[in-house]
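Following: one structure in structure tokens, then a few remarks.
Protein chains: 4
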Amino acid sequence: MATPHQPRRNDTRRRIQDVALELFAQQGYEKTSLREIAEHLDVTKAALYYHFKTKEDILVSIADDLAAPVAELITWAGGQPRTLETKQEMLRRYSDILWGASRFFRFIQENQATVRDLSIGESLKNNLHGLNSLLRDEDSSMTAQVRCITALFAMHAGMFAMQNIEGDPEEKRAAVLEVALDLVAQAEAPSAVTG
Amino acid sequence: MATPHQPRRNDTRRRIQDVALELFAQQGYEKTSLREIAEHLDVTKAALYYHFKTKEDILVSIADDLAAPVAELITWAGGQPRTLETKQEMLRRYSDILWGASRFFRFIQENQATVRDLSIGESLKNNLHGLNSLLRDEDSSMTAQVRCITALFAMHAGMFAMQNIEGDPEEKRAAVLEVALDLVAQAEAPSAVTG
Amino acid sequence: MATPHQPRRNDTRRRIQDVALELFAQQGYEKTSLREIAEHLDVTKAALYYHFKTKEDILVSIADDLAAPVAELITWAGGQPRTLETKQEMLRRYSDILWGASRFFRFIQENQATVRDLSIGESLKNNLHGLNSLLRDEDSSMTAQVRCITALFAMHAGMFAMQNIEGDPEEKRAAVLEVALDLVAQAEAPSAVTG
Amino acid sequence: MATPHQPRRNDTRRRIQDVALELFAQQGYEKTSLREIAEHLDVTKAALYYHFKTKEDILVSIADDLAAPVAELITWAGGQPRTLETKQEMLRRYSDILWGASRFFRFIQENQATVRDLSIGESLKNNLHGLNSLLRDEDSSMTAQVRCITALFAMHAGMFAMQNIEGDPEEKRAAVLEVALDLVAQAEAPSAVTG
DNA sequence: GATGAATGAGGTTTCATTCAT
DNA sequence: AATGAATGAAACCTCATTCAT
Numbered sequence: 001m002a003t004p005h006q007p008r009r010n011d012t013r014r015r016i017q018d019v020a021l022e023l024f025a026q027q028g029y030e031k032t033s034l035r036e037i038a039e040h041l042d043v044t045k046a047a048l049y050y051h052f053k054t055k056e057d058i059l060v061s062i063a064d065d066l067a068a069p070v071a072e073l074i075t076w077a078g079g080q081p082r083t084l085e086t087k088q089e090m091l092r093r094y095s096d097i098l099w100g101a102s103r104f105f106r107f108i109q110e111n112q113a114t115v116r117d118l119s120i121g122e123s124l125k126n127n128l129h130g131l132n133s134l135l136r137d138e139d140s141s142m143t144a145q146v147r148c149i150t151a152l153f154a155m156h157a158g159m160f161a162m163q164n165i166e167g168d169p170e171e172k173r174a175a176v177l178e179v180a181l182d183l184v185a186q187a188e189a190p191s192a193v194t195g
Numbered sequence: 001m002a003t004p005h006q007p008r009r010n011d012t013r014r015r016i017q018d019v020a021l022e023l024f025a026q027q028g029y030e031k032t033s034l035r036e037i038a039e040h041l042d043v044t045k046a047a048l049y050y051h052f053k054t055k056e057d058i059l060v061s062i063a064d065d066l067a068a069p070v071a072e073l074i075t076w077a078g079g080q081p082r083t084l085e086t087k088q089e090m091l092r093r094y095s096d097i098l099w100g101a102s103r104f105f106r107f108i109q110e111n112q113a114t115v116r117d118l119s120i121g122e123s124l125k126n127n128l129h130g131l132n133s134l135l136r137d138e139d140s141s142m143t144a145q146v147r148c149i150t151a152l153f154a155m156h157a158g159m160f161a162m163q164n165i166e167g168d169p170e171e172k173r174a175a176v177l178e179v180a181l182d183l184v185a186q187a188e189a190p191s192a193v194t195g
Numbered sequence: 001m002a003t004p005h006q007p008r009r010n011d012t013r014r015r016i017q018d019v020a021l022e023l024f025a026q027q028g029y030e031k032t033s034l035r036e037i038a039e040h041l042d043v044t045k046a047a048l049y050y051h052f053k054t055k056e057d058i059l060v061s062i063a064d065d066l067a068a069p070v071a072e073l074i075t076w077a078g079g080q081p082r083t084l085e086t087k088q089e090m091l092r093r094y095s096d097i098l099w100g101a102s103r104f105f106r107f108i109q110e111n112q113a114t115v116r117d118l119s120i121g122e123s124l125k126n127n128l129h130g131l132n133s134l135l136r137d138e139d140s141s142m143t144a145q146v147r148c149i150t151a152l153f154a155m156h157a158g159m160f161a162m163q164n165i166e167g168d169p170e171e172k173r174a175a176v177l178e179v180a181l182d183l184v185a186q187a188e189a190p191s192a193v194t195g
Numbered sequence: 001m002a003t004p005h006q007p008r009r010n011d012t013r014r015r016i017q018d019v020a021l022e023l024f025a026q027q028g029y030e031k032t033s034l035r036e037i038a039e040h041l042d043v044t045k046a047a048l049y050y051h052f053k054t055k056e057d058i059l060v061s062i063a064d065d066l067a068a069p070v071a072e073l074i075t076w077a078g079g080q081p082r083t084l085e086t087k088q089e090m091l092r093r094y095s096d097i098l099w100g101a102s103r104f105f106r107f108i109q110e111n112q113a114t115v116r117d118l119s120i121g122e123s124l125k126n127n128l129h130g131l132n133s134l135l136r137d138e139d140s141s142m143t144a145q146v147r148c149i150t151a152l153f154a155m156h157a158g159m160f161a162m163q164n165i166e167g168d169p170e171e172k173r174a175a176v177l178e179v180a181l182d183l184v185a186q187a188e189a190p191s192a193v194t195g
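Residue numbers (UniProt numbering), protein chains in the order written: chain A, 1 to 195; chain B, 1 to 195; chain C, 1 to 195; chain D, 1 to 195.
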């Protein structure tokens, strides 16, 4: 039973989002002009304004779609017991989200200064903070807390910093996840390896 | 009495670099205009062009100063035996460099998309790659390699991602370094902790 | 017969070309700013950029329109027998073209250094060279060749160098043409007048 | 009147004039900046201002030197009988002047629009007008007058329009002069050649 | 005889945005 | 659903020029 899809209703809108994200990721947000987006789509700039109120709104609409799963993940994790298993499952799911929308998250990563001042900045920051809070225990040692944060950033960095390294992408992703899982495990059980 | 219009000192060039870096870090490179920099210094835009050929050139001159120590570190490490101790000493020194010019490195971190297309992008990338190559062993397991990369990124992230966490800055920095040292240690001794 | 079907544009584009040529001819290309052109038209500078990509592009578009007849003339003459009559007919037609767009050709004449570096320079030079080749015979005496070139330049000079001389413009134009026709006639029949 | 030449006194001044003329001729007056001139000489812009009051002044000083012979020629011719022989001698001398400072006269030719608005414009125009008046007879036929003007312009054009034609430069120059001499001869003796 | 530092004016170009159609 | 025409603001940059040293 295929959904009787609304004909071409969302088509242009989606194509704008797609092209915009592509260019934002390639060149950065500020260096991508609406003219450029319009040209790639073979429409006029004014057409963009039929679908979106502002340039920022294009990005917001993308973020609304792609960052939602992170918020859901936080909600989910908030309802689970704060066990190591929960935390690790959280990381696994986060890994799926990140790789499922890697173009977007890479964009966020590479345009922090820009995104910070945009309206999406706040919510992205909150997401990150939410994940963080669920992973780390505020009463644990500073080192332990750092390990948790690092687990998160390892995954972010993993999306784009591994291009120099040879190997199967899936294998790399698995390795990144493993290191992250490890870090939260060590944060929990302080039988340190350090001498 | 009226203070005579003192001619600006010789340090204008330095002051430009300083203000520019401050604003670049605060607002991002593209969102910082030369007009703004000039106004902060109480000079005209044209004065900036007396000291620097282009806007990009201002950034280049800053990077030349501040990124040089990283290149030196790479040279130094290249001349040492590839032991764990060398790697860890490298991380310690890198930590010093990073925190000694944190404003600059935070700028780089938050403006990757921009920096990538600028002339400094290449050399910064090379630096990172150089550090990376010295830390990780291409023949070791993927996981081990990821640990090394993560050690590096943990330090980068540590510069700005810890502002949410309470605690003494020095203590935080030490914790970050400890986690990084740990990661390379684990990369070397594959007696995994993972379940 | 073939009507060049331009989509119905407002005449703004044409008005820009007209005002621009007027000012270029009056003051020179470099000394005419886009601000000035815009003010004459009571539009903003940005409006110019809606119609033309660059300042140079305005001139190019003018040249494309006004220099085309010369290219056509060359094509026509290329298909005729290389007789004296052909050459003289060529000069007659060239005279019509020159006087029909005298503002443009005077501009070219007075801004050679500028035009040379612009993209239209090459094609204008080719036009002149084409006319030249059709007039002169490479095997004839140097003097004969010079006479042909002079015929051409006499007409160019005639457009603007006669303003000091009194007399009816049409009469002047006819006189210039007569001298030019004479020169190619003499080039052909070397029964020299020179004492 | 011969000034005993101060040793290196004028050296820089002359070098500025030389480089300036070279660049003016190559690129045009407006497109040549003082920075460029200074760089070619390995001095600072400010040094130029020690020797010349303004940019225009550099050009004026060049013109004063190089256009003076034309004024002298006019004076000389004014004192001679208005015979054909005088006119032809005038052309011969003018040819010498033109080719003796061809870089300058080519510059004038290619930058008319610019030169017109500069202070030298007036005197150059007067020179040309003076030569013209001495050649042509205001009572003669329009055609005869055009022939005289053409004689002058043939020589101007000859300086740069002959580069496409093969042949010894001196031979070309002689041919140009011959045609010019011819033209004034024909202007005098109205037994037309035209068919 | 020349420099270093700076300025004020102005240049071309790009941008996000608007609005009548 | 989209276009054509236009705008206002601002960007980067260059220029001729000045002046204390």
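For glycine and all other residues, C-beta sits at the position ideal for the given N, C-alpha and C.
On a predicted model such as this, the values are computed, not experimentally measured, just so you know.
Alpha helix (DSSP H) containing Asn164(C): first to last residue?
Against the third sequence, residue 164(C) aligns to sequence position 164. It is not in any alpha helix (DSSP H) - Asn164(C) carries neither H nor E in the DSSP assignment.
Measuring only the C-alpha atoms, how far is Ala113(A) from Val60(D)?
To locate residue 113(A), count along the first sequence from 1; it is residue 113. To locate residue 60(D), count along the fourth sequence from 1; it is residue 60. Going by C-alpha positions, Ala113(A) is about 54 angstroms away from Val60(D).
Along chain C, in chain order, which residues have C-beta atoms closer than 9 angstroms to that of Asn10(D)?
Walking along the fourth sequence from the start, residue 10(D) turns up at place 10. Chain-ordered listing is empty here: chain C has no CB closer than 9 angstroms to the CB of Asn10(D), the nearest sitting near 28 angstroms.
Compare the Cα-Cα distances from Pro69(D) to each of Ile37(D), Leu124(D), Thr44(D), Ala189(D) and report the closest residue.
If you number the fourth sequence from 1, residue 69(D) lands on position 69. Considering only alpha carbons, the answer is Leu124(D).
Member of Glu166(C), Ala154(C), Ala174(C), Asp137(C) whose CA lies at the smallest distance from the CA of Ala187(C)
For this step, residue 187(C) is matched to residue 187 along the third sequence. Ranking the options by Cα distance to Ala187(C), first place goes to Asp137(C).
Phe105(B), DSSP secondary structure in three states
On the second sequence, position 105 is the one that residue 105(B) refers to. In the structure shown, Phe105(B) falls within a helical segment according to DSSP collapsed to helix, strand and coil.
Between Asn127(D) and chain C, is any beta-carbon pair separated by less than 9 angstroms?
Position 127 of the fourth sequence holds residue 127(D). The beta carbon of Asn127(D) sits no closer than 9 angstroms to any beta carbon of chain C.
Is there a C-beta anywhere in chain A that falls below 9 angstroms from the one on Pro161(B)?
For the purposes of this step, residue 161(B) is identified with residue 161 of the second sequence, where counting begins at 1. Note that residue 161(B) is Ala in the sequence shown, not Pro. With 9 angstroms as the cut-off, Ala161(B) counts as an interface residue toward chain A.
To the nearest angstrom, report how far apart Lys172(A) and Phe104(A) are at their CA atoms.
By one-based count along the first sequence, residue 172(A) stands at place 172. By one-based count along the first sequence, residue 104(A) stands at place 104. Cα to Cα, Lys172(A) sits roughly 19 angstroms from Phe104(A).
Residues within the segment 77-104 of chain B neighbouring chain A, beta-carbon criterion of under 8 angstroms
Flagged: no residues at all.
Measuring alpha carbon to alpha carbon, tell me which of Ala63(A), Gly100(A), Gly79(A), Arg82(A) ends up nearest Met159(A).
Within the first sequence, residue 159(A) is the residue found at index 159, counting from 1. It is Gly100(A).
Who are the Cβ neighbours of Leu66(C) in its own chain at under 7 angstroms, not counting the five residues just before and after it?
The residue given as residue 66(C) occupies position 66 in the third sequence. Same-chain partners within the cutoff: Ala101, Phe104.
Mind pulling the chain B residues with CB within less than 7 angstroms of Ala154(A)?
Reading the first sequence from its first residue, position 154 is the one you call residue 154(A). Neighbours of Ala154(A) in chain B, taken as residues at a C-beta separation under 7 angstroms, are given in chain order as Thr150, Phe153.
Cβ atoms of Leu73(C) and Tyr94(C): under 9 angstroms apart, would you say?
Looking up residue 94(C) in the third sequence gives position 94. Looking up residue 73(C) in the third sequence gives position 73. Yes, Cβ-Cβ distance for Tyr94(C) and Leu73(C) is below 9 angstroms.
Measuring straight from C-alpha to C-alpha, what distance separates Arg15(C) and Asp57(C)?
For the purposes of this step, residue 15(C) is identified with residue 15 of the third sequence, where counting begins at 1. For the purposes of this step, residue 57(C) is identified with residue 57 of the third sequence, where counting begins at 1. Their backbone Cα atoms lie some 15 angstroms apart in a straight line.
Can you give the Cα-Cα distance for Ser33(B) and Leu23(B), rounded to whole angstroms?
As a working mapping, residue 33(B) is identified with position 33 in the second sequence. As a working mapping, residue 23(B) is identified with position 23 in the second sequence. The straight-line gap separating the alpha-carbon atoms of Ser33(B) and Leu23(B) is approximately 9 angstroms.
Kindly indicate if chain A contains any beta-carbon less than 9 angstroms away from that of Arg116(B).
Walking along the second sequence from the start, residue 116(B) turns up at place 116. By the rule that beta-carbons nearer than 9 angstroms mark a contact, Arg116(B) touches chain A.
Straight-line gap, Ala77(C) to Ala180(C) (C-alpha atoms, nearest Å):
Counting from 1 along the third sequence, the entry for residue 77(C) is found at position 77. Counting from 1 along the third sequence, the entry for residue 180(C) is found at position 180. So the alpha carbons of these two residues sit roughly 17 angstroms apart.
Residue ranges of each beta strand (DSSP E) within the UniProt domain "HTH tetR-type" (10-70) of chain D, 3 or longer:
Uninterrupted beta strand (DSSP E) stretches at least 3 residues long and entirely within the UniProt domain "HTH tetR-type" (10-70) of chain D do not occur.
Is Ala157(B) helix, strand or coil when you go by DSSP?
Position 157 of the second sequence, counting from 1, holds the residue named residue 157(B). Ala157(B): helix per DSSP, three-state reduction.
Asp57(C) Cβ short of 8 angstroms to the ligand FAD heavy atom set
With respect to small molecules bound, the structure shown includes none, and the ligand FAD cannot be examined in it.
Closest Cβ-Cβ distance between Glu72(A) and chain B: below 9 angstroms?
Reading the first sequence from its first residue, position 72 is the one you call residue 72(A). Residue-level contact check: Glu72(A) does not touch chain B, since none of the beta carbons of chain B fall below 9 angstroms from its beta carbon.
Ignore the nearest five residues each way along the sequence and tell me which others in Arg35(A)'s own chain have a CB closer than 7 angstroms to its CB.
Along the first sequence, read from residue 1 onward, the residue named residue 35(A) stands at position 35. So the list reads Lys45, once near-sequence residues are dropped.
Starting from the Cα of Ala38(D), find the closest Cα among Ala25(D), Gly28(D), Asp18(D), Gln26(D) and give me that residue.
Here residue 38(D) is taken as the residue at index 38 of the fourth sequence, counted from 1. Just measuring C-alpha positions, the residue of Ala25(D), Gly28(D), Asp18(D), Gln26(D) sitting nearest Ala38(D) is Asp18(D).
Test: Gln17(B) CB closer than 9 angstroms to a CB of chain A:
Translated into positions along the second sequence, residue 17(B) becomes position 17. Not one chain A Cβ lies under 9 angstroms of Gln17(B).
What is the residue span of the alpha helix (DSSP H) that Arg136(C) lies within?
Position 136 of the third sequence, counting from 1, holds the residue named residue 136(C). Run containing Arg136(C): none; DSSP gives neither H nor E here.
Host alpha helix (DSSP H) of Gln88(D) (start-end):
Working through the fourth sequence from its first residue, we reach residue 88(D) at position 88. Start and end: 84-100.
Would you call Ala154(C) buried or exposed, if buried means 16 or more other Cβ atoms sit within 10 Å of its Cβ?
As a first step, residue 154(C) must be located in the third sequence, where it is residue number 154. In this structure Ala154(C) is buried. Its beta-carbon is surrounded by 16 or more other beta-carbon atoms within 10 angstroms.
Exposure of Asn111(C), with buried meaning 16 or more beta-carbon neighbours within 10 Å:
Residue numbering aside, residue 111(C) sits at position 111 when the third sequence is read from its first letter. It is buried - the Cβ of Asn111(C) has at least 16 other Cβ atoms within 10 Å.
Suppose you measure from the CA of Gln80(B) to the CA of His51(D); what does that come to, to the nearest Å?
Your numbering for residue 80(B) matches position 80 in the second sequence. Your numbering for residue 51(D) matches position 51 in the fourth sequence. About 60 angstroms.
Please classify Leu177(B) as buried or exposed, where buried requires at least 16 neighbouring CB atoms within 10 angstroms.
Indexing the second sequence from 1 puts residue 177(B) at position 177. Result: buried.
Roughly how many angstroms separate the alpha carbons of Ala185(D) and Arg116(D), rounded to a whole number?
As a first step, residue 185(D) is located in the fourth sequence; it is residue number 185 there, counting from the start. As a first step, residue 116(D) is located in the fourth sequence; it is residue number 116 there, counting from the start. Cα to Cα, the separation comes out at about 31 angstroms.
For a test of the three-state rule: what should DSSP assign to Asp182(A), helix, strand or coil?
On the first sequence, position 182 is the one that residue 182(A) refers to. Look at Asp182(A) here: in three-state DSSP terms it is helix.
Is the beta carbon of Glu30(D) sitting closer than 9 angstroms to the one on Glu30(C)?
Your numbering for residue 30(D) matches position 30 in the fourth sequence. Your numbering for residue 30(C) matches position 30 in the third sequence. Yes.
Along chain C, which residues have their Cβ under 7 angstroms away from the Cβ of Val179(D)?
In the fourth sequence, residue 179(D) corresponds to position 179, counting from 1. Those are Thr143, Val146, Arg147, Thr150, listed as they occur along chain C.
Inter-residue Cα distance where the pair is Val43(B) and Asp11(B)
In the second sequence, the residue the question calls residue 43(B) occupies position 43. In the second sequence, the residue the question calls residue 11(B) occupies position 11. One C-alpha to the other measures close to 13 angstroms.
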